[in-house]
Amino acid sequence: MSIQENSLVKDIVIQVPGADDLFKHNRIDFCCNGNRPLNEAAAEKEVDIAELMNRLSDLQNQAAKRQAATNFAWEDIRTEKLIDHIVFHHHDFLREEFKELEFYVTKIAKVHGGDQPNLIKVHELFQLLKQEMLEHVKNEEELLFPAIIRYEETKTAEAYQAVADQVQGFEDEHSAAGDLLREIRETANDYITPESSCMTFRRTFQRLEAIESDTFQHIHLENNILFPRVVEQTTV
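Under the numbering used here, the letters of the sequence shown match residues 93 to 328, in that order.
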């Protein structure tokens, strides 16, 4: 989608990942008053439209890079670069999304939970996923990834064992995360929202689904490419 200054706020939020956060930070209402041009909404809040357009362009570029990364031949990339990609692409994405999305998941549970109690359960599951995944990526960065890089540098039996001893535990955590994501999807009715849903409701479900997609790609890179580089080697 080509974003113009007169593009409707609601259309931008639908098409540009992260636009909802940008608008929230600038006090631009995309939920109940999204059916108006961006330049009009920005002027009302005294937001510099040129700066806003630049930020939207940055968000579009970031989304394009994330999409391109999913089709990259990561099996041909050296280990340290693969780890950097996992950290800066997937781990950082999760940290940012969990921080920003908590507001929206909480909001729809409070506003719509009386009529749709499944949203309260979605909120509970989201909190559990957030807690487990933030601890998981922290431990990967502080414990597992340094051990893998140390093995790549030394190729010693001791370094190999330091990785092999950890991998199964992290794979078990991946399985638990996958189960949680599937439970969230089931509870959220496959992320299908009622026709009468507000923009906040729809975007929250879209972003939950994006977390699911990104996390499965993240787990694929580790379980099927990164970990086997060490644990399946027979000579050390």
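Just so you know, even glycine gets a beta-carbon here, dropped at the ideal spot from N, CA and C.
By the Cβ test, the stretch 307-315 is in contact with the stretch 264-276, since at least three Cβ pairs between them sit closer than 8 Å.
Residue state for residue 320 is assigned as helix, using DSSP reduced to three classes.
Here DSSP, grouped into helix, strand and coil, assigns residue 209 to coil. Under the 8 Å Cβ criterion, the stretch 278-296 does not count as touching the stretch 225-236, having fewer than three qualifying pairs. Within the stretch 218-290, the alpha helix (DSSP H) runs of at least 4 residues that lie entirely inside it are, in chain order, 237-246, 249-279. Taking the C-beta atoms as reference points, residue 115 is found no nearer than 8 Å to residue 291. Within its own chain, the residues whose Cβ lies closer than 8 Å to the Cβ of residue 161, once the five positions on either side in sequence are excluded, are 177, 181, listed in chain order. Pairing residue 144 with residue 127 gives a Cβ-Cβ distance that is not under 8 Å.
Going by DSSP, residue 173 is part of the alpha helix (DSSP H) stretching over 171-177.
Of all C-beta pairs linking the stretch 97-117 to the stretch 137-152, three or more are shorter than 8 Å, placing the two stretches in contact. Excluding residues up to 5 positions away in sequence, 217 lie with their Cβ nearer than 7 Å to the Cβ of residue 275 in the same chain. For residue 97, no alpha helix (DSSP H) segment is defined, and its DSSP state is neither H nor E. Residue 299 has its alpha-carbon roughly 26 Å from the corresponding atom of residue 142. In this structure, the beta-carbon distance from residue 120 to residue 133 falls below 8 Å. Take the alpha-carbon of residue 140 and the one of residue 100: they are about 17 Å apart. Between residue 131 and residue 97, the CB-CB gap stays under 8 Å. Nearest to residue 302 by C-alpha distance, out of 105, 169, 189, is 189.
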